[in-house]
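As structure tokens, the structure follows; a few thoughts come after it.
Numbering (full-length UniProt numbering), first residue to last: 1 to 318.
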């Protein structure tokens, strides 16, 4: 018997270490973070109606898909081409354009809810693959990091050509990750090009920096496995220094990082492409609210969430 109602939610992702370096053969360490896209799905007699509470948009993707063509691609993957009728309502708390994989989390949660209401077995593999189809329409040639982290959750290590590896985590329950949105719109392509050009010009020094960045990831893995939040914070500071030296920071990112540190963060760095977007700060739980408030007073939008949260989850009601 197919469920009458399905609810799904999927977390955002954050790159903790290795952004940019991963393009040049390094590893990246990513984590699911406790900010979520939530989706409600129910069967219909006809049509595949997608509604976004955030955008105030509703459309039948079987008739037109000006906004939700990417989700239509995911639903086609789930249904093997012939979609079953359903109503899908999306509500996401993940900021758009902040480097947190918002589109992937929406695609993962929507794919899971749609698969559930159609009576399919919902697995992380299925919804990650479906969401990847959506991401290709949004981003062209995505790495797959965003949808994989959102679907599987936890901490994942990634290297191009080697895929993903889940990381066993020690206790990091006493810390919170703050995401500090600078509001500066950035071009990922421009940031990647600038970084790559500088790395090439630096010749052997660039290769030394790449090895150093790889060493930071290795130490970060040890810290995560031990649950050593203090070391993790120190490594964030060092990683940010390298990215700043490579030219992909921004004055607003520097303000955010330094303000977070000055207010007691264990460490802070830019995340994602840089040149705008977001910074992240690792903060002890009891200090998180105060640090976040001080950052908001400086004009930043600040979000908080636990690290290494579980991936996509489903609730079905028959």
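Don't be surprised by glycine CBs; every beta carbon is placed ideally from N, CA and C.
message = Suppose you measure from the CA of residue 273 to the CA of residue 304; what does that come to, to the nearest Å?
response = When rounded, the distance between both Cα atoms is 20 Å.
request  = Scan the region 18-57 and note each continuous beta strand (DSSP E) run of 3 residues or more that stays entirely inside, going in chain order.
outcome  = Taken in chain order, the complete beta strand (DSSP E) segments of 3 residues or longer contained in the region 18-57 are 28-43, 48-52.
ask   = Which same chain residues, not among the five before or five after residue 132, have their C-beta less than 6 Å away from its C-beta?
value = These residues qualify, in order along the chain: 144, 147.
task = Mind reading off the beta-carbon distance from residue 31 to residue 90? Whole number of angstroms is fine, and I expect it under 8 Å.
result = Contact between residue 31 and residue 90 fails: their C-beta atoms lie close to 23 Å from each other, not under 8 Å.
query = Since residue 315 is in the beta strand (DSSP E), which residue starts that stretch and which ends it?
reply = Where residue 315 is concerned, the enclosing beta strand (DSSP E) stretches over 313-317.
query = Can you tell me where the beta strand (DSSP E) with residue 302 in it begins and where it stops?
reply = Note, residue 302: beta strand (DSSP E), 301-305.
Range of the contiguous alpha helix (DSSP H) that encloses residue 238 = From DSSP, the alpha helix (DSSP H) with residue 238 extends over 229-245.
message = Let me make sure I understand the geometry here. Which of 9, 164, 254, 14 has the alpha-carbon closest to that of residue 306?
response = Residue 306 has its Cα closest to that of 14, out of 9, 164, 254, 14.
query = Taking C-alpha atoms, which residue in 269, 26, 64 lies nearest to residue 180?
reply = The shortest C-alpha separation from residue 180 is found at 269.
query = Any idea what DSSP makes of residue 111, helix, strand or coil?
reply = In this structure, residue 111 counts as helix in the three-state DSSP scheme.
request  = Could you tell me which residues DSSP pairs with residue 172 in its beta bridges?
outcome  = In the DSSP assignment, no residue is bridged to residue 172.
ask   = How would you label residue 117, buried or exposed, when you count the other beta carbons within 10 angstroms and need 16 or more for buried?
value = Result: buried.
ask   = Looking only at its own chain, which residues have a Cβ that is under 6 Å from the Cβ of residue 176, when we skip the five neighbours before and after it?
value = Closer than 6 Å at the Cβ level, and outside the excluded window around residue 176, lie 283, 285, 288, 304.
ask   = Which residues mark the beginning and the end of the beta strand (DSSP E) in which residue 267 is found?
value = Membership of residue 267 in the beta strand (DSSP E) is indicated by the continuous run 267-271.
request  = Would you mind stating whether residue 71 and residue 41 have Cβ atoms separated by less than 8 Å?
outcome  = Taking 8 Å as the Cβ cut-off, residue 71 and residue 41 do not qualify as a contacting pair.
Outcome for residue 182 when other beta-carbon atoms lying within 10 angstroms are tallied against a minimum of 16 = Only buried fits residue 182, as 16 or more other CB atoms lie within 10 angstroms of its CB.
query = In this structure, does DSSP put residue 209 in helix, strand or coil?
reply = Residue 209 falls in the helix class under three-state DSSP.
request  = Please say whether residue 295 and residue 260 have beta carbons closer to each other than 8 Å?
outcome  = The beta carbons of residue 260 and residue 295 sit closer together than 8 Å.
query = Which one of 227, 160, 252 has the shortest CA to CA distance from residue 19?
reply = Here the closest residue by C-alpha is 160.
key: residue 94 - partner residues in DSSP beta bridges   = Beta-bridge partners of residue 94 (DSSP): none assigned.
query = Buried or exposed: residue 271, going by 16 or more other Cβ atoms within 10 Å of its Cβ?
reply = Counting other Cβ atoms within 10 Å of its Cβ, residue 271 reaches 16 or more and is therefore classed as buried.
query = Can you pull the DSSP bridge partners for residue 157?
reply = Paired residue(s): 29, 165.
message = According to DSSP, is residue 309 part of a helix, a strand, or is it coil?
response = Secondary structure of residue 309 (DSSP, three-state): coil.
inquiry  = Please classify residue 317 as buried or exposed, where buried requires at least 16 other C-beta atoms within 10 Å of its C-beta.
reply    = The residue in question, residue 317, is exposed, as its Cβ has fewer than 16 Cβ neighbours within 10 Å.
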